Amino acid sequence: MAVVISGTGLYTPTQSISNDELVHCFNQYVEKFNLTHSQEIEEGKIVALSPSDSSFIEKASGIKSRYVMEKESILNVDIMSPRYTERDNDQLSMQAEIGVAAAKEAMLAANKTPADIDLIIVACAYTQRSYPAMAIEIQNALGCGGWGFDMLVACSAATFGIINAANAIRSGTAKTVLVINPEILSPQINYRDRDSHFIFGDVATASIIEDESTANA
Ligand SMILES: CC(C)(COP(=O)(O)OP(=O)(O)OC[C@H]1O[C@@H](n2cnc3c(N)ncnc32)[C@H](O)[C@@H]1OP(=O)(O)O)[C@@H](O)C(=O)NCCC(=O)NCCS
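So in our numbering, spot 28 of the sequence shown is number 392, and the numbers just go up one at a time.
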């Protein structure tokens, strides 16, 4: 049996932050911190913070800009973290929403309807809602049947999700699997940490995994 990826989907937020924008805010923070603690720095009780640098970030990581769901608060030196409007439990969560957007694109690419999907695996670094599962929330939003579950595997989430989808098909427990990787990582970044403030952004990807014989894309 040959298991294939028959369609893929991608959702990127409308907002993004360039290295220059990120560094500008970080350096404002550094200036403010060093000024506030100038006495302790002079007395050797605190080490002064060093500024960040756009070209260093690109050289060290290759990153020129990152997509985020909410930019304004991240670039506000008094906040430096994203802020979202809270949603009721009966509303679709932000993470499910971006997962659904990527999933629809993947289903379209693979020429699949919700009725074709019999397993949804949401594989990502963390889930916004634990119960019953992001996969179930997305299953309901798309109108899919079958079963679904979440897997938390940090940076390897997408590959582990796809492997589990392929294994489910090979073992006969599913025919057509939708694997979704909705990552909203900007809330987990410490934008005041020079070594890592440039890493990660927000995105969702999706893939349809099925047996080659049923793939008609
Ligand atoms: C930033 C990074 C490359 C620094 O490497 P390191 O091994 O910790 O080494 P150092 O702390 O000695 O930093 C190396 C140099 O980079 C400089 N540097 C680090 N962060 C910087 C920044 N944001 N802007 C400018 N220079 C920076 C240091 O000042 C140092 O300069 P020097 O050699 O002139 O003293 C490293 O911490 C990194 O890769 N961070 C991201 C890791 C991460 O979050 N990965 C995700 C895994 S899932």
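In this text, a Cβ means the ideal position worked out from N, Cα and C, and glycines have one as well.
Just so you know, these numbers come straight off a predicted model, no measurement behind them.
Contacts around Asn-554, its chain only, beta-carbon distance under 8 Å, and the 5 residues preceding and following it disregarded: Ser-560, His-561
Best match in Ile-438, Pro-551, Ser-457, Gly-565 for proximity to Tyr-393 [C-alpha to C-alpha]: Ile-438
Provide the residue(s) that pair with Val-541 in DSSP beta bridges, ordered along the chain. Leu-483, Ile-573
Same chain only: Cβ atoms within 6 Å of Ala-474, ignoring 5 sequence neighbours per side: Ser-370, Gly-371, Ile-572, Ala-581
Quick one: give me the first and last residue of the alpha helix (DSSP H) that Ile-526 is part of. 521–535
When every heavy atom of ligand 1 is checked, does at least one fall within less than 7 Å of the C-beta of Arg-430? no
Looking at the structure shown, is Pro-415 part of a helix, part of a strand, or coil, going by DSSP? coil
Is Cys-389 helix, strand or coil by DSSP? helix
When you compare only the Cα positions, how much space is there between Gln-492 and Ser-457? 7 Å
DSSP three-state assignment for Pro-546, whether helix, strand or coil: strand
Look at the Cβ atom of Gly-510, then the Cβ atom of Leu-549, and state whether they are nearer than 8 Å. no
Between the beta-carbon of Val-543 and the beta-carbon of Ala-487, is there less than 8 Å? yes
Alpha-carbon to alpha-carbon, Lys-423 and Ser-375: Note that residue 375 is Tyr in the sequence shown here, rather than Ser. Each residue's Cα considered, the two are about 26 Å apart.
Residues near Arg-556 by beta carbon distance below 7 Å, same chain, minus five either side: Tyr-393, Met-444
Would you say the beta carbon of Cys-488 comes nearer than 7 Å to a heavy atom of ligand 1? no
If contact is defined by three or more beta carbon pairs under 8 Å, each pair taking one atom from either stretch, is the region 451–470 in contact with the region 501–516? yes
Run through DSSP, which three-state label would Ile-410 get? coil
Between Arg-430, Glu-385, Val-387, which lies nearest to Thr-378 when the distance is taken from Cα to Cα? Arg-430
How far does the beta strand (DSSP E) with Gly-463 in it extend, from its first residue to its last? Run containing Gly-463: none in the beta strand (DSSP E); it sits in the alpha helix (DSSP H), 458–473.
Say yes only if the C-beta of Phe-420 is nearer than 7 Å to one or more non-hydrogen atoms of ligand 1, and no if none qualify. yes
Hey, is Ala-570 close to ligand 1, as in C-beta under 7 Å from one of its heavy atoms? no
Tell me whether Gln-403 sits in a helix, a strand or coil according to DSSP, three-state version. helix
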